[in-house]
Amino acid sequence: EVPPSFQDTSTECGICLEPYDDDSPQRTVIQLGCGHKWHLSCLQDQLHHANPYKNYSQRLIFAGCRCAKCGTVCEHESLRHLTRPTDALRAKVDEMIKEHLGITTTEGALDSNIATMMEEARRKMAFYLCSACEEPFYGGTAFCADHDDNPDHRRRLCPSCTPQTVCQHPAEHRGAFQWKCRYCCRPASFVCYGSVHFCHDCHERNRQRTTSTRSSRPALEPIPCPGGDACPFPKPTSSATHHLNGTDPSCEQVYACLRCQSAQHHQQRQEAAAPGSHNLLQNPCGQDGIRGWKQIHQAWQVEPSELPAHPECNTNFVSTFRWCVMTQQVNLARFIRRAPGHANQQRLVPVPIQVSAKYMGRTDCPSVFQLEAILSTAQQGRPVVLHHVKTPILSAPADCWERVTLDLPPTADAHAVTVVVRGKDERFWAGNFGSKVTDISVRLLGSEEYLRDSVLVPSLLEEREPRPRPLTTDEQQPMPAAGHTERRGEPILGTVGVDWRKYLFELLPFIVVIFIYVWKATHPG
Numbered sequence: 346e347v348p349p350s351f352q353d354t355s356t357e358c359g360i361c362l363e364p365y366d367d368d369s370p371q372r373t374v375i376q377l378g379c380g381h382k383w384h385l386s387c388l389q390d391q392l393h394h395a396n397p398y399k400n401y402s403q404r405l406i407f408a409g410c411r412c413a414k415c416g417t418v419c420e421h422e423s424l425r426h427l428t429r430p431t432d433a434l435r436a437k438v439d440e441m442i443k444e445h446l447g448i449t450t451t452e453g454a455l456d457s458n459i460a461t462m463m464e465e466a467r468r469k470m471a472f473y474l475c476s477a478c479e480e481p482f483y484g485g486t487a488f489c490a491d492h493d494d495n496p497d498h499r500r501r502l503c504p505s506c507t508p509q510t511v512c513q514h515p516a517e518h519r520g521a522f523q524w525k526c527r528y529c530c531r532p533a534s535f536v537c538y539g540s541v542h543f544c545h546d547c548h549e550r551n552r553q554r555t556t557s558t559r560s561s562r563p564a565l566e567p568i569p570c571p572g573g574d575a576c577p578f579p580k581p582t583s584s585a586t587h588h589l590n591g592t593d594p595s596c597e598q599v600y601a602c603l604r605c606q607s608a609q610h611h612q613q614r615q616e617a618a619a620p621g622s623h624n625l626l627q628n629p630c631g632q633d634g635i636r637g638w639k640q641i642h643q644a645w646q647v648e649p650s651e652l653p654a655h656p657e658c659n660t661n662f663v664s665t666f667r668w669c670v671m672t673q674q675v676n677l678a679r680f681i682r683r684a685p686g687h688a689n690q691q692r693l694v695p696v697p698i699q700v701s702a703k704y705m706g707r708t709d710c711p712s713v714f715q716l717e718a719i720l721s722t723a724q725q726g727r728p729v730v731l732h733h734v735k736t737p738i739l740s741a742p743a744d745c746w747e748r749v750t751l752d753l754p755p756t757a758d759a760h761a762v763t764v765v766v767r768g769k770d771e772r773f774w775a776g777n778f779g780s781k782v783t784d785i786s787v788r789l790l791g792s793e794e795y796l797r798d799s800v801l802v803p804s805l806l807e808e809r810e811p812r813p814r815p816l817t818t819d820e821q822q823p824m825p826a827a828g829h830t831e832r833r834g835e836p837i838l839g840t841v842g843v844d845w846r847k848y849l850f851e852l853l854p855f856i857v858v859i860f861i862y863v864w865k866a867t868h869p870g
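Heads up, the sequence shown is in the working numbering, so the first residue is 346 and it goes up one at a time.
Structural data, given as structure tokens:
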């Protein structure tokens, strides 16, 4: 940026190289907000030629709307009619970058770190203008765009305007399409040059081709479709037997809309799920921030879901570049009846329990996820592990939700289930680029009749969502420490949260008696 006190002492225009002392009315000299001087007519010609709406095949780089001496956006009242459309377009692109980076600016100003991230993203991300709706859209990386040796001068279409038949809400679901690779039949993982989709292998073949030092580089060879049942992917039409693979835009195809599929799967799951198996966890999707969850180590964050796991779940938790760990304990005594006919009145009805979660990653940053469940009881005020299960470290799938489950066997002595959720990215990127998780659940398994007649606390059956009843003193217990692998019956050592004041009050009478005895022994008179 140029200091406010800066004065441009140049004597000629840097565009036409003509002197400023020309008295011609066509050579009016203006000073931009940055302090640099130019001929008004020269800047008008520059902004006219830089108008992005005149060439839909070019990337949106906005270089022509900046001062050529310092790179600051041109600002002058005489240029307002030319810069207003470009300013609005730049603002839309910046909003898309913020959404991609997960940046929220509640105070209306960017700090230095976020400004640096934004500037880097502007250099690395390629945006184009849709020739149909004239809205900007993301079209790959600038690296791929700079190595495009065969630019497609046809007008580009954004995902919302691309012809397809699998989604009824393309404008709302534009970021959830599963595309076909243009050069083979496999699903695409990359988009380049605005609207060319590649799978991982074809993208690597194209990268090697475009970065080759050979003077003449052949076009990327398509992989023919085997056709019929030998190709498991959806065909372009019901009558087609083969996919079109090659350089022509007609080889593009949308295989599926992940948001439409998610809504359908949720409806099917609701129809197939056994009634009565309520989710016992609080805040399973992050709809209430982090309420109900205990953060350990690096904290999980909550973000709006670009791809909701189901219509009622519009948020998710997202991790960062270090292991993010959060836990929540479910006190089973709030929901499950006491088992009849046992001398131990604290023993609960045994019932199988399932712990599950949906996790997902990003296409631009690989990430990992792990789910853990600990079934515990209390012995003499100390938590004891009964069963401890966890998934391996899982690679998060890109842009689609995958469900993972852990099953805990029926155990009459169990009084609590602790859920532990872990996630991080694998590239150590600053920001929330790690794995995402939502729809975390702890459910009691069984038929509606069995849960109603034998398991659930009667007061819960009258409510749509279970409302926990208050715990008695004997039912309260601290949460088991996450990550322990103790065998059944062994106490968890070093657990934080034991109420030492309770034991102090219980020992107080003995302490008083001992004190009196010692006093009398030392003071016989």
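We put the CB at the ideal spot given by N, CA and C, even for glycine.
- [ ] Please confirm whether Trp864 and Arg767 have their CB atoms less than 8 Å apart.
- [x] Cβ distance not < 8 Å, so Trp864 and Arg767 don't count as in contact.
Open item on the list: Distance check for Val694 and Gln725, CA to CA, integer angstroms please.
Closed with: Each residue's alpha carbon lies about 21 Å from the other.
TODO: Would you be able to state if there are at least three C-beta pairs under 8 Å between the segment 768-780 and the segment 725-737?
DONE: Judged by Cβ distances under 8 Å, the segment 725-737 makes no contact with the segment 768-780, as fewer than three pairs qualify.
- [ ] Can you say whether Phe860 is buried or exposed, counting buried as having 16 or more other CB atoms within 10 angstroms of its CB?
- [x] Classification of Phe860: exposed, given that the 10 Å Cβ count is below 16.
Task: Cβ-based neighbour list, Cys506, same chain, cut-off 7 Å, excluding 5 preceding and 5 following - done: So the list reads Cys475, Ala477, Cys478, once near-sequence residues are dropped.
Task: Alpha-carbon to alpha-carbon, Leu720 and Pro836 - done: Note that Pro836 scores a pLDDT of 37, beneath 50, so its modelled location is shaky; the value from the coordinates is reported in the next line. Spanning the two alpha carbons is a distance of roughly 13 Å.
Task: Segment limits, beta strand (DSSP E) that includes Phe488 - done: Unbroken run through Phe488 is the alpha helix (DSSP H), 487-491; no beta strand (DSSP E).
Task: Cα-Cα separation between Tyr365 and Tyr398, rounded to whole angstroms - done: If I take the Cα positions, the gap works out to 32 Å.
Open item on the list: Quick check: what's the CA-CA separation for Ile375 versus Gln403?
Closed with: Each residue's CA atom was taken as its position, placing Ile375 and Gln403 some 29 Å apart.
Task: Simplified DSSP state of His623, which is helix, strand or coil - done: Here His623 sits in coil by DSSP.
Task: Rounded straight-line distance, which links the Cα of Met705 to that of Cys361 - done: Answer to the nearest angstrom: the Cα atoms are 55 Å apart.
Open item on the list: Less than 8 Å between the C-beta atoms of Val647 and Gly637, yes or no?
Closed with: Going by C-beta atoms, Val647 is not nearer than 8 Å to Gly637.
Open item on the list: Once DSSP output is grouped into helix, strand and coil, what is the label at Asp633?
Closed with: In this structure, Asp633 counts as coil in the three-state DSSP scheme.
- [ ] Give me the Cα-Cα distance between Leu377 and Asp353, rounded to the nearest whole angstrom.
- [x] Whole-angstrom Cα-Cα distance: 10 Å.
- [ ] Measure the CB-CB distance between Pro515 and Gln523 and report whether it falls below 8 Å.
- [x] No, the pair does not count as a contact, with Cβ atoms beyond the cut-off.
TODO: For Asn661, name the three-state secondary structure that DSSP assigns.
DONE: Asn661 carries a strand assignment under DSSP once its states are collapsed to helix, strand and coil.
Task: Short Cβ contact (8 Å threshold) for Pro569 with Asn551 - done: No. Outside cutoff.
Task: Asp770, enclosing alpha helix (DSSP H) - first and last residue - done: It is not in any alpha helix (DSSP H) - Asp770 instead sits in the beta strand (DSSP E) that spans 761-770.
Open item on the list: Which of the three DSSP states is assigned to Asn676 in this structure?
Closed with: Reduced to three states, the DSSP call for Asn676 is strand.
TODO: With Asp784 as the anchor, note down where its beta strand (DSSP E) starts and where it stops.
DONE: Segment 781-789, the beta strand (DSSP E) holding Asp784.
- [ ] Check the DSSP bridge columns for Ile641 and list the partner residues they point to.
- [x] The bridge partners DSSP lists for Ile641 are Val670.
TODO: Check Gly453 in the structure and name its three-state DSSP category.
DONE: Summary for Gly453: the model assigns pLDDT 46, below 50, so the residue's position carries little reliability, and this model does not support an answer.
Open item on the list: Quick check on Gly871: does DSSP put it in helix, strand or coil?
Closed with: Lying outside 346 to 870, the shown extent of the chain, residue 871 is not represented and no answer is given.
Open item on the list: Give me the residue from Gly779, Tyr795, Ser786 with the minimum Cα distance to Gln627.
Closed with: The residue from Gly779, Tyr795, Ser786 with its alpha-carbon nearest to that of Gln627 is Ser786.
Task: Extent of the continuous beta strand (DSSP E) run through Leu731 - done: Leu731 -> beta strand (DSSP E) spans 727-735.
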